[in-house]
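The structure appears right after this line, and notes come after that.
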Amino acid sequence: MNTGEFYYIFIKNLLPDSGFIKLKGWEGEIPWTFIFSSLGKSFANEFYELSEENKRNIFSMIEAAMHEEGELANAVATGLLEGLHKSSIKNNLLHNSIIDRLDENSSRYLKNWSEWSGL
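Quick note on my numbering: the sequence shown kicks off at 844 and runs consecutively.
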């Protein structure tokens, strides 16, 4: 799966009725890390509204991407996971609900990143 395919399938699970996320102020080519950061933030904001099936699909996609190498794994780690962490850390219940469902690679990445970044 490439980054474009991941984005499309993720959006179909996150926002099944709209099909896109607006990135205000950005035109032209947008870096995947920034786009995926928006996915992480949106996932945190919509987490309690999503069906269990959509949540499972999204967590499975994250896990699969974190086992890849290259652009997709980088965008998921440095964009989606970091955006998800930053958006959920303000709410302990939400943060724990998300962290508990992440696979080992994703959890380890976020633990190391949060220790490094201080977030």
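Ideal Cβ positions, reconstructed from N, Cα and C, are used throughout, including at glycine.
Out of the options, point me to the one whose CA is closest to residue i's CA.
i	options	result
Thr846	Ala908, Leu945 and Leu857	Ala908
Leu857	Phe886, Phe879, Glu848 and Ile878	Phe886
Phe890	Ser949, Leu962, Ser940 and Ser950	Ser940
Leu962	Met904, His938, Asn917 and Ile905	His938
Thr810	Val919, His910 and Glu947	Here the chain covers residues 844 to 962 and nothing more, so residue 810 does not appear.
Asn883	Met904, Ser894 and Glu947	The residue asked about is misnamed: residue 883 is Gly in this sequence, not Asn. Of the candidates Met904, Ser894 and Glu947, the one whose C-alpha sits nearest the C-alpha of Gly883 is Met904.
Should residue i be labelled buried (16 or more other beta-carbon atoms within 10 Å of its own) or exposed?
i	result
His928	buried
Ser930	buried
Ser960	exposed
Lys933	exposed
Ile878	buried
Met844	exposed
Leu915	buried
Ser949	buried
Leu1022	The displayed coordinates of the chain run from 844 to 962. Any statement about residue 1022 would go beyond what the structure contains.
Asp943	exposed
Ile873	exposed
Gly913	exposed
Ser881	buried
I want to know whether the segment 953 to 961 touches the segment 921 to 931 - three or more CB-CB distances under 8 Å.
The segment 953 to 961, when compared against the segment 921 to 931, does touch it at the 8 Å Cβ threshold.
Within the chosen definition, does the segment 897 to 907 reach the segment 846 to 855 through at least 3 CB pairs nearer than 8 Å?
The count of Cβ pairs closer than 8 Å, one atom from the segment 897 to 907 and one from the segment 846 to 855, reaches three, so the stretches are in contact.
Alpha helix (DSSP H) runs wholly inside the segment 878 to 946, at least 4 long, in chain order
Whole alpha helix (DSSP H) segments, 4+ residues: 895 to 909, 914 to 918, 925 to 931 and 935 to 942.
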